[in-house]
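Residues in the sequence shown are numbered consecutively from 0, following numbering that gives the first Met the number 0.
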Amino acid sequence: MSAAAAALLGSSFVAPALADNAFVSSSGEVAASADLACLSTSVDARESAVINARAAFHAGIMTALTARRDALKAALTITNNKDRQVAFRAAWDAFLKTSARAREQYKTDIKAAWKVFFDASAKCNLSLDRGDKKAMKEKERGKDRHEDDDDDSKEARRDHKDRGLHLGQWRKALGGSASVKAGTKIDLSY
0 MSAAAAALLG SSFVAPALAD NAFVSSSGEV AASADLACLS TSVDARESAV
50 INARAAFHAG IMTALTARRD ALKAALTITN NKDRQVAFRA AWDAFLKTSA
100 RAREQYKTDI KAAWKVFFDA SAKCNLSLDR GDKKAMKEKE RGKDRHEDDD
150 DDSKEARRDH KDRGLHLGQW RKALGGSASV KAGTKIDLSY
């Protein structure tokens with residue numbers, strides 16, 4: 000191995016330790032490798048659980064789709080219109096229930112994965128970025144996240160609540176009493 004290759008290889012091990020975005024331990028110093036290993040284990044467990052939850056969700060949806068396909072094909076063999084409609088309705092109802100159960104199970108699995116991650120990562124002696132740092136700092140200072148030079152009074156919000164509505168929504172908001180003739184130009188800008 001040449002000296003240049005050895006220097007390049009050696010600097011690859013030093014560079015991560017000097018990186019600006021390195022995790023910081025709770026004491027404010029560079030994180031220990033044991034703390035990073037702890038966090039790595041937590042992340043691995045979370046991501047594996049998310050992958051498994053997604054795989055189970057897709058398997059549930061595929062099962063629901065297959066059952067729906069088979070039920071609809073079977074319904075098409077029924078000659079009586081009323082019975083065929085009942086079979087169609089039953090096929091779709093079963094599909095909707097099965098896919099809803101798969102979605103609910105997925106949500107439950109994801110919440111559990113994140114809860115396990117947060118509980119495990121809390122023991123790792125690392126301060127993690129768990130949200131918008133700027134918003135958290137502003138909240139600590141007592142400043143509203145949406146605080147700016149705009150007038151955020153109740154009257155101003157009420158006056159601007161309809162901003163961005165398209166014409167159909169304006170008609171609905173006005174109780175359907177508005178009408179527009181062809182060729183009429185409407186200026187909805189503020």
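Ideal placement from N, C-alpha and C gives every residue a C-beta, glycine not left out.
query: Under three-state DSSP, which class holds residue 75?
result: Of the three classes helix, strand and coil, the one that applies to residue 75 here is coil, per DSSP.
- prompt: Nearest-angstrom Cα distance between residue 67 and residue 49?
  reply: If I take the Cα positions, the gap works out to 27 angstroms.
- request: Measure the Cβ-Cβ separation of residue 69 and residue 125 and say whether it is below 7 angstroms.
  value: Residue 69 places its beta carbon 7 angstroms or farther from that of residue 125.
message: I'd like to know whether the C-beta atoms of residue 120 and residue 47 end up nearer to each other than 7 angstroms.
response: Taking 7 angstroms as the cut-off, the beta carbon of residue 120 is found no closer than this to the beta carbon of residue 47.
- request: Enumerate in chain order the residues of its own chain whose CB-to-CB distance from residue 147 is below 8 angstroms, with the five nearest sequence positions on each side excluded.
  value: Bear in mind that the predicted position of residue 147 carries a pLDDT of just 48, short of 50, making it unreliable; the figure below should be weighed with that in mind. Cβ neighbours of residue 147 beyond the five flanking positions: none.
- prompt: If we count the other Cβ atoms within 10 Å of its Cβ and call it buried at 16 or more, is residue 82 buried or exposed?
  reply: Exposed is the label assigned to residue 82, since fewer than 16 other Cβ atoms lie within 10 Å of its Cβ.
query: Can you check whether the CB of residue 52 is closer than 7 angstroms to the CB of residue 109?
result: Yes. Within cutoff.
- prompt: Considering only the beta carbon of each residue, do residue 94 and residue 73 sit closer than 7 angstroms?
  reply: For the pair residue 94 and residue 73, the CB atoms are not nearer than the 7 angstroms cut-off.
- prompt: Can the beta-carbon of residue 90 be found less than 7 angstroms from the beta-carbon of residue 77?
  reply: Contact flag unset, no.
message: Here's the rule I'm using: 16 or more other beta-carbon atoms within 10 Å means buried, otherwise exposed. How should residue 101 be labelled?
response: A buried status is given to residue 101, since no fewer than 16 other beta-carbon atoms sit within 10 Å of its beta-carbon.
query: Starting from residue 99 and walking both ways along the alpha helix (DSSP H), at which residues does that stretch end?
result: Where residue 99 is concerned, the enclosing alpha helix (DSSP H) starts and stops at 80-120.
query: According to the neighbour-count rule (16 or more other Cβ atoms, all chains shown, within 10 Å of its Cβ), is residue 112 buried or exposed?
result: When all chains shown are included, residue 112 counts as buried.
Identity of the residue in 59, 114, 117 and 116 nearest residue 96 by Cα: The residue among 59, 114, 117 and 116 with its C-alpha nearest the C-alpha of residue 96 is 59.
- prompt: Which residues in the same chain as residue 98 place their Cβ atom closer than 7 angstroms to its Cβ, once the five residues preceding and following it in sequence are excluded?
  reply: Contacts found: 60 and 63.
- request: With a threshold of 16 other CB atoms inside 10 Å of the CB of residue 88, please say whether the residue is buried or exposed.
  value: Label assigned to residue 88: exposed.
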